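Position one of the sequence shown corresponds to residue 51 (our numbering), numbered consecutively onward. Note that the Cβ used here is the ideal one computed from N, Cα and C, for glycine as well. This one's a predicted model, so the numbers in the text were calculated from it and none came from an experiment.
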Amino acid sequence: MAHGTAHIGETPWRTEIVVGGHAIVADEPEALGGQGAGPAPYDLLLASLGACTAITLKMYAVRKGWPLQSLDVDLKLRGSKDDMHVERTLVISGLDEDQKSRLADIAERTPVTLTLKSGLPIETRLA
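Here it is as structure tokens:
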């Protein structure tokens, strides 16, 4: 499956990430002591959900032969620790209302959506 690494050195909170052969910098905003050199961890979580949603829905439309012109996924992380949730809004161009409704239904079952909804066990060990 997927593999990634994250490395943090002496620069507060700049983190060098390599995942899927791509380098990404994560950081915290200046207001939290970082330099804002990259997305913060929750921003990356939303990016993953957005990418999975867009890719899955585009694949579905292509497989169905639907004339999808564009798809935008707007994501907002809301709430606090105990009631955190994601608001996802789809803006779809080129499809009729039934096709749009079907894509909204499919969005609820994309791989990253299902992973986030069900939770994911994490096993931590020391090397």
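Cut-off 6 Å between Cβ atoms - residues of its own chain near residue i, not counting five sequence neighbours on either side
| i | result |
| --- | --- |
| His57 | Glu66 |
Any C-beta of chain C under 9 Å from that of residue i
| i | result |
| --- | --- |
| Gly84 | Judged by its chain identifiers, the structure shown contains no chain C, having just a single protein chain. |
Supposed contact pair residue j and residue i - C-beta distance, whole angstroms, cut 8 Å
| i | j | result |
| --- | --- | --- |
| Ser143 | Gln119 | 4 Å |
| Ala97 | Asp77 | Rounded, the Cβ-Cβ distance is 14 Å, inconsistent with contact. |
Extent of the continuous alpha helix (DSSP H) run through residue i
| i | result |
| --- | --- |
| Asp132 | Note, Asp132: premise wrong, no alpha helix (DSSP H); not H, not E. |
| Glu66 | Where Glu66 is concerned, there is no enclosing alpha helix (DSSP H), although the beta strand (DSSP E) it sits in stretches over 65 to 69. |
| Gly54 | Counting along the chain, Gly54 falls outside any alpha helix (DSSP H), though it belongs to the beta strand (DSSP E) covering 54 to 58. |
For residue i, the residue or residues it bridges with in DSSP
| i | result |
| --- | --- |
| Lys167 | Note: Lys167 sits in no beta bridge, so no partner. |
| Ile172 | In DSSP, Ile172 forms no bridge with anything. |
| Arg138 | Leu125 |
Residue i versus residue j - alpha carbon distance
| i | j | result |
| --- | --- | --- |
| Ala73 | Ala87 | 13 Å |
| Trp116 | Pro62 | 47 Å |
| Glu158 | Val123 | 13 Å |
| Asp146 | Gly100 | 22 Å |
Segment limits, beta strand (DSSP E) that includes residue i
| i | result |
| --- | --- |
| Asp122 | 120 to 128 |
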